[in-house]
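Number of protein chains: 2
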Amino acid sequence: MSKSGFVTSIRRQSEDFPGWYNDVVRKAELADHSPVRGCMIIRPYGYAIWESMRDELDRHIRRTGHQNVYFPLFVPRSLLEKEAEHVEGFDPQVAWVTRAGGKDLDDWLAIRPTSEALIAEVVKDWIQSYRDLPLLMNLWNNVVRWELRTRLFLRTAEFLWQEAHTFHATEQEATDEVATGLEAYRAVCEEWLAIPVIKGRKTENEKFPGAVYSHSIEALMRDGKALQGGTSHMLGQNFARAAGIEFLDRDNQRKNPYGTSWGFTTRMVGATIMTHGDDSGLVLPPNVAPHQVVIVPIFRSDDDRLAVAGAIERVEAELAGVATMSGPLRVTVDRREETPGSKFNHWELRGVPFRLEIGPRDVAAGQGVLVRRVDRLKETIALDALAAELPRRLAGYQALLFQRALDFRAANSHEADDLAGFERILDDGGGFIHAPWCGDGACEKRINEQTGATIRVIPFDAPDEAGRCLVDGRPSERRVLFARAY
Amino acid sequence: MSKSGFVTSIRRQSEDFPGWYNDVVRKAELADHSPVRGCMIIRPYGYAIWESMRDELDRHIRRTGHQNVYFPLFVPRSLLEKEAEHVEGFDPQVAWVTRAGGKDLDDWLAIRPTSEALIAEVVKDWIQSYRDLPLLMNLWNNVVRWELRTRLFLRTAEFLWQEAHTFHATEQEATDEVATGLEAYRAVCEEWLAIPVIKGRKTENEKFPGAVYSHSIEALMRDGKALQGGTSHMLGQNFARAAGIEFLDRDNQRKNPYGTSWGFTTRMVGATIMTHGDDSGLVLPPNVAPHQVVIVPIFRSDDDRLAVAGAIERVEAELAGVATMSGPLRVTVDRREETPGSKFNHWELRGVPFRLEIGPRDVAAGQGVLVRRVDRLKETIALDALAAELPRRLAGYQALLFQRALDFRAANSHEADDLAGFERILDDGGGFIHAPWCGDGACEKRINEQTGATIRVIPFDAPDEAGRCLVDGRPSERRVLFARAY
């Protein structure tokens, strides 16, 4: 909690979205820049938000049979180079340890940009028989991908993430696993973070280096740009072959297993900010909010102060341990020596779902004023009804934010059938653009060069629809999802 | 779970302790070596043990008012060099990133060996007034200290740990904080891991580089060697001065705050193994055991198999969610197609506190045979009493292991008053040696060179006792704790 009571001002979302975003992240004390180029410091409030989504995703990962493990930070250069497409994709972004313990290293060590190459090398000792499969592992760790243009949470040289790595006896099992990973991400995004997403397949140009194909979920931010919210990759036998992993199958044949990997990162803190936030700052869905309700005492005289403090203590005691859909109710009381106005500003900036104001007249009437963050809707509520009502209000608010984001996406999703229309939409605020594409990577690149938009995914639920490619007019079988993206 | 049913043999603890340790770690699938020199892979079972102690320590850290944060992996060389003693202590162990993003770096980046230097630099922007203090932060992360001779969990080039970093307006508050950190470690060691520890102060030679003084807890392993189980450092104003952190105090004077830092690492998984393990493998205290009870069905005929399976399903359902002192009861049923003997071996190697054998005659009698891991004590127990009795049995077993470790320590703690006696004790199996020391670092070094033992700590509870230094005969005011150590 900031100990200063000055009203914090931030830039307006509608006028300067990047400036607004930066102000929210820094002034709500979520994260900050560090003396290390491109690396961020995650402050307590931002880290608590990350911990909430991390723990929820961890529950999904465990429930689907994966086990947490740890692999080294370093990937020797000789291993990284085994899968040709993989190293080509990551090499420009690698940070290299060339010297350690006072000596120059013969085999340089990459700080892991991702762990496929190392894991494939290790598990070849663990996978001997079909009985050793499936191997379902998950890692929570830090990775480094050197970036020149960084933005807090969204693009940083070091970030925190989860990377699952699995191996399977059959291609079908691996196909199912790619879907399991993606579904975990959808569930956390939609049900925990209240961020609606579209599932789909990445184009060849956009897939993970070394993968057979990549799936992702795509969300729409309030500035009309898309954000990729998690990716799940079919690695096929690529890494297994490169590392020489073989197992004896039921049919007594030696085979390479099929691999998958999937990852979800701290950039989702940024996605949460940009999906729900407004000109007053953060707007947090109750499931992920470190504080769900903040109680602000209102008083002028010392007598009033005492009466209000007493009532708040009783409320606090009554609310302790009350169950909500995301664990015990998280209530905080702001007892700082500040004006109510500066406290309102402080907690609105931090996106706390509900504020409960209690003044002397409220105490006399056994009530308080409950104010909903996103629209400042006020209601008078009996203090002895809080324990029963707050969990319902929070569930309603969670649903409201999701619906609000769905509505925003609907209002900012468009169809375009030619390049002129496509560019008009981008000029007019952007958003999701569903448009026909022939499937040729050259057309994809040309659109990107001309407009800055990329194909986010080929959505799984895109209906068959004959059309003509935006660029070269060749036949298209369905619309794909375009947007400018983070 | 290993899918092969071969009985796994390990070396004997009494004959080859290092060999036994290595066998336990690898054959119980806790951890393994990696293709990266000095770095380990933590496998699911070992990682679950780490997660248990991590989560318990995290609860202590939060309860005492600390907040989790994240700081970058990298410390620029220019920052690491600001505190002279600090850089001198860590420089030989640093791994350096000299090249990143395709370019050589001007300011090399150390992979953090610890984060004091970076944090001091950052918080100078956050600490302006006494109202910004205390600043109580905690980080869960990975650090690298380049080691040539490594041992799984105990000494690895990369390890996982928690590092708390705090800043205070007064020296007294920092003094109290050093004690808070150490007490959290004592509580986790003694109450969670059942490892008795001795609290004390490190000598000048052994303190943290850059600290004013260091406190630690010391435990005794079953081979008679000591292991440091967590350290808590008074940094005084050293790092604050080096980084230029100043705050305006209540008296309107600008001052440097006082700092502390304290850390607890994955080596404590190794300490748990070496405190409790025996010739059959791991012995886990119930609080930290990933599985507390394993149920093994016993049958020969198919009819028996069905009857036993049915009874076990009923037991499983009845035990689901039963509360124990460390959360819901963790029960697993071993339904693999293996002999009971190989299953017994499998779970004994993994240190599961209780095995419950259920055969057809047991089903008929409504009972099972409960076998305690550490001494194979058997009792017949009614199946419908399990839900009530198992939490008590686990609490009793937790206390038993702690008492067993206390007894072992008592039997292996000695006093020595001269160097000949001191060396006899070391030749005779080692252990803790309480002996007089004059306080001179030269004597301390001489003992180390001659015997391999070091002063572990000057125990807080060592009574005043006039004596003469082991080495040079000068006066000593109390005994200090010597041992050979990990």
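Protein chains in written order, with the numbering used here: chain R, 1 to 486; chain F, 1001 to 1486.
In this text, a Cβ means the ideal position worked out from N, Cα and C, and glycines have one as well.
Exercise. From this set, F:1326, F:1333, F:1303, which residue's C-alpha is nearest residue 1312 of chain F's C-alpha?
Worked result: F:1333
Exercise. Listing by chain order, which chain F residues have their CB less than 8 Å from the CB of residue 158 of chain R?
Worked result: 1072, 1073, 1074, listed in chain order.
Exercise. Per the contact definition of three or more C-beta pairs closer than 8 Å, is the region 1369 to 1382 of chain F in contact with the region 1339 to 1359 of chain F?
Worked result: yes
For this session: Given a cut-off of 7 Å, decide if residue 1479 of chain F and residue 1462 of chain F are closer than it, judged by their beta-carbon atoms.
Result: Against a cut-off of 7 Å, the Cβ pair of residue 1479 of chain F and residue 1462 of chain F comes out as a contact.
Exercise. Rounded to whole angstroms, how far is the Cβ of residue 116 of chain R from the Cβ of residue 227 of chain R, which I believe are closer than 8 Å?
Worked result: With a Cβ gap of about 23 Å, residue 116 of chain R and residue 227 of chain R do not count as contacting.
Problem set entry | Host alpha helix (DSSP H) of residue 1225 of chain F (start-end) | Per DSSP, residue 1225 of chain F belongs to no alpha helix (DSSP H) and is neither H nor E.
Problem set entry | Own chain, CB closer than 6 Å to residue 467 of chain R, minus 5 neighbours either side, in chain order | 436, 476
Exercise. Around the C-beta of residue 238 of chain R, are 16 or more other C-beta atoms found within 10 angstroms, so that it is buried, or is it exposed?
Worked result: buried
Exercise. Counting pairs of Cβ atoms below 8 Å between the region 1284 to 1293 of chain F and the region 1150 to 1169 of chain F, do you hit three or more?
Worked result: no
For this session: Establish whether the CB of residue 121 of chain R and some CB of chain F are separated by less than 7 Å.
Result: yes
Problem set entry | Stretch pair the region 324 to 332 of chain R + the region 292 to 309 of chain R: three plus CB contacts closer than 8 Å | yes
Problem set entry | Cα-Cα separation between residue 1310 of chain F and residue 122 of chain R, rounded to whole angstroms | 40 Å
Exercise. If you draw a straight line from the C-alpha of residue 1085 of chain F to the C-alpha of residue 1427 of chain F, how long is it?
Worked result: 36 Å
Problem set entry | Cβ neighbours of residue 1011 of chain F in the same chain (closer than 6 Å, five flanking residues each side left out) | 1019, 1020, 1023
Problem set entry | Spatial distance of residue 348 of chain R from residue 375 of chain R (CA atoms) | 11 Å
For this session: Could you tell me the distance, in whole angstroms, from the CA atom of residue 1258 of chain F to the CA atom of residue 1068 of chain F?
Result: Rounded to the nearest angstrom, the two C-alpha atoms are 20 Å apart.
Problem set entry | Minimum Cβ-Cβ distance from residue 1003 of chain F to chain R less than 7 Å | Model confidence at residue 1003 of chain F stands at a pLDDT of 45, short of 50, so the residue's coordinates are unreliable; what they give is reported in the following sentence. True, the Cβ-Cβ gap to chain R drops below 7 Å.
Exercise. Taking contact to mean at least 3 C-beta pairs separated by less than 8 Å, is the region 181 to 195 of chain R in contact with the region 391 to 408 of chain R?
Worked result: yes
Problem set entry | Length of the line joining the Cα atoms of residue 146 of chain R and residue 95 of chain R | Cα-Cα distance, rounded: 7 Å.
Exercise. Does DSSP put residue 1368 of chain F in a helix, in a strand, or in coil?
Worked result: strand
Problem set entry | residue 1340 of chain F and residue 1381 of chain F closer than 7 Å at C-beta | Judged by their CB atoms, residue 1340 of chain F and residue 1381 of chain F are not nearer to each other than the 7 Å cut-off.
Problem set entry | Simplified DSSP state of residue 34 of chain R, which is helix, strand or coil | coil
Exercise. Exposed or buried, which one is residue 1015 of chain F when buried takes at least 16 other CB atoms within 10 Å?
Worked result: exposed
Exercise. Residue 1124 of chain F lies in the beta strand (DSSP E); which residues open and close that run?
Worked result: It is not in any beta strand (DSSP E) - residue 1124 of chain F carries neither H nor E in the DSSP assignment.
Problem set entry | residue 225 of chain R beta carbon less than 7 Å from that of residue 485 of chain R | yes
Problem set entry | Assigned secondary structure, residue 1104 of chain F (DSSP; H/G/I helix, E/B strand, else coil) | strand
Exercise. Which runs of the beta strand (DSSP E) spanning at least 3 residues fall entirely within the region 367 to 455 of chain R, listed in chain order?
Worked result: 367 to 372, 378 to 382, 413 to 415, 432 to 436
Exercise. With DSSP run on the structure shown, which of helix, strand or coil describes residue 162 of chain R?
Worked result: strand
Problem set entry | Own chain partners of residue 1400 of chain F with C-beta closer than 8 Å, once the 5 adjacent residues on each side are dropped | 1374
Problem set entry | 8 Å CB neighbourhood of residue 1470 of chain F in its chain, flanking five on each side removed | 1416, 1417, 1418, 1419, 1422, 1435, 1436, 1437, 1443, 1447
Exercise. What are the residues of the region 85 to 97 of chain R that lie near chain F, defined by any Cβ-Cβ distance shorter than 9 Å?
Worked result: 91, 92, 93, 94, 95, 96, 97
Exercise. Given that a residue counts as buried once 16 or more other Cβ atoms are within 10 Å of its Cβ, and exposed if not, what is residue 378 of chain R?
Worked result: exposed
Exercise. Taking the C-alpha atoms as reference points, what is the distance between residue 266 of chain R and residue 1431 of chain F?
Worked result: Spanning the two alpha carbons is a distance of roughly 47 Å.
Exercise. What number of angstroms, rounded off, separates the C-alpha of residue 269 of chain R from the C-alpha of residue 1053 of chain F?
Worked result: Put simply, the backbone Cα of residue 269 of chain R is about 27 Å away from that of residue 1053 of chain F.
For this session: Let me know if residue 63 of chain R comes out buried or exposed under the rule of 16 or more other beta-carbons within 10 Å of its beta-carbon.
Result: By the 10 Å Cβ count, residue 63 of chain R comes out exposed.
For this session: Please determine, among F:1289, F:1093, F:1136, F:1124, the residue with the shortest C-alpha to C-alpha distance to residue 1246 of chain F.
Result: F:1124
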